[in-house]
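Just add 1 to wherever you are in the sequence shown, counting from 1, and you've got the numbering used here.
Note that the Cβ used here is the ideal one computed from N, Cα and C, for glycine as well.
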Amino acid sequence: MSFRACSLQDLTPGEGLRIDSVSPPIAVFLTEEGTVHAIDDTCTHQDASLAAGWVEDCRVECPLHESTFSLTTGEVDQPPAKKRVRVHSVQVQGDDVMVELSQEAPNLPPGVKA
2 MSFRACSLQD LTPGEGLRID SVSPPIAVFL TEEGTVHAID DTCTHQDASL
52 AAGWVEDCRV ECPLHESTFS LTTGEVDQPP AKKRVRVHSV QVQGDDVMVE
102 LSQEAPNLPP GVKA
């Protein structure tokens, strides 16, 4: 089941938007190329918001320790994070960004609970 995460107008190219209405929170990104992606917002290494990270080449860099995650697969390619983040299905319907949450268990850092 999908839900309206935000409006397309709420998004800024190259930046993330944290959505706290779900647990754990997710981050929605609009790339410079115009694609919209949604992943879990919490870095799998330590409690940091990926929405506050830097987006480049369809990847987001964690603002805390510079691990990078793919916006399309959730895979991590730069330590210290070792586990991927969940990727959520996104559909843009008019101005609405609709997200369907992944059914897999989230990979949360030590001490963080959903």
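Just to confirm, is the Cβ distance from residue i to residue j under 8 angstroms?
i      : j     : result
Cys59  : Leu72 : yes
Asp42  : Pro25 : yes
Ile40  : Arg87 : yes
Ser3   : Gln79 : no
Leu102 : Val23 : yes
Phe70  : Val61 : yes
Between residue i and residue j, how many whole angstroms is the CB-CB distance? I'm expecting something under 8 angstroms.
i     : j     : result
His89 : Ser68 : Not confirmed; about 19 angstroms, so no contact.
Ala49 : Ala28 : Contact doesn't hold; Cβ gap of about 11 angstroms is too wide.
Arg85 : Gly95 : Going by Cβ atoms, the distance from Arg85 to Gly95 rounds to 31 angstroms, so no, they are not a contact pair.
Measuring only the C-alpha atoms, how far is residue i from residue j?
i      : j      : result
Gly54  : Gly17  : 7 angstroms
Val77  : Asp11  : 26 angstroms
Cys33  : Ala115 : Note that residue 33 corresponds to Glu in the displayed sequence, not to Cys. In a straight line, the C-alpha of Glu33 is about 30 angstroms away from that of Ala115.
Val100 : Leu9   : 12 angstroms
Ala82  : Gly35  : 27 angstroms
Leu65  : Pro111 : 15 angstroms
Please list, in chain order, all residues of the same chain as residue i whose beta carbon is under 8 angstroms from its beta carbon, the five residues on each side excluded.
i      : result
Val37  : Leu9, Leu12, Val29, Phe30, Leu31, Val91, Val93, Val98
Val113 : Pro25, Thr43, Asp48
Glu105 : Arg87
Got a sec? Which residues, its chain only, sit under 7 angstroms from residue i by beta carbon, not counting five neighbours each side?
i      : result
Pro107 : Pro25, Asp41, Arg87, Ala115
Identify, in the order they occur along the chain, each residue of the same chain with its Cβ nearer than 6 angstroms to the Cβ of residue i, setting aside the five sequence neighbours on each side.
i    : result
Ala6 : Ile20, Val29, Val98, Val100
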